[in-house]
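A.B. asks:
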Amino acid sequence: MRNRRAQRGITIWGLLYVLITLGLIALVAIKSVPVYLNAYDVRTTLQAVADDPDLRRASAGEIQQAVQRRFDAGYVDNLSGRDVAVERAGDGRRISLSYEVRRPMLLNLSLVYSFEESAMLAGGDER
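Start counting the sequence shown at 18; every next residue gets the next number (this note's numbering).
Structure below.
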């Protein structure tokens, strides 16, 4: 059997370490959730535009306008339809968007998130 001194429990320093660690994890989670929800909205917007049969033969500008309308309706922050690239890919076209989000964390530390989203247009010829 162990002696009583070894069974006293956590010290104040141990408790402080645990609380600081949990606090930092919570802070990162609180800062990250909105960024990933926004990224999900961007991904679904690009996929919805790519699946739209009315945009199969649309020009790059028309596709960018459609993306912008959906960004506005979905409250997508800090992105524009002009940020979307429309390019040839094999037999069709691909719409893609690369972007970075920076969120301040503590003092001069920031969290940086990088995203690259793309979707293939649902057939049709390029104008």
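Note that the Cβ used here is the ideal one computed from N, Cα and C, for glycine as well.
Do Ser135 and Arg111 have their C-beta atoms closer together than 9 Å?
C.D. replies: In the sequence shown, the residue the question calls residue 135 occupies position 118. In the sequence shown, the residue the question calls residue 111 occupies position 94. Yes, the Cβ-Cβ distance between Ser135 and Arg111 is below 9 Å.
A.B. asks: For Arg60, which residues from the same chain have a beta carbon less than 6 Å from its beta carbon, with the 5 sequence-adjacent residues on both sides left out?
C.D. replies: Position 43 of the sequence shown, counted from the first residue, corresponds to residue 60. So the list reads Glu134, once near-sequence residues are dropped.
A.B. asks: What's the gap between the Cα of Lys48 and the Cα of Gly98?
C.D. replies: Here residue 48 refers to the residue found at position 31 when the sequence shown is read from its first residue. Here residue 98 refers to the residue found at position 81 when the sequence shown is read from its first residue. Whole-angstrom Cα-Cα distance: 25 Å.
A.B. asks: I'd like the span of the beta strand (DSSP E) that includes Leu126, first residue to last.
C.D. replies: Here residue 126 refers to the residue found at position 109 when the sequence shown is read from its first residue. Note, Leu126: beta strand (DSSP E), Leu126 to Met137.
A.B. asks: Which residue marks the beginning of the alpha helix (DSSP H) containing Val35, and which one marks its end?
C.D. replies: The residue given as residue 35 occupies position 18 in the sequence shown. Per DSSP, Val35 belongs to the alpha helix (DSSP H) from Ile29 to Asp68.
A.B. asks: Does DSSP put Ala90 in a helix, a strand or coil?
C.D. replies: Numbered from its first residue, the sequence shown carries residue 90 at position 73. In this structure, Ala90 counts as helix in the three-state DSSP scheme.
A.B. asks: For Ile42, count neighbouring Cβ atoms within 10 angstroms of its own Cβ and tell me buried if that reaches 16, exposed if not.
C.D. replies: By 1-based counting over the sequence shown, the position of residue 42 is 25. Looking at its Cβ environment, which holds fewer than 16 other Cβ atoms inside 10 Å, Ile42 is exposed.
A.B. asks: Within 10 angstroms of the Cβ of Val129, are there 16 or more other Cβ atoms? Answer buried if so, exposed if not.
C.D. replies: For the purposes of this step, residue 129 is taken as residue 112 along the sequence shown, with counting starting at 1. Exposed, because fewer than 16 other Cβ atoms sit within 10 Å of the Cβ of Val129.
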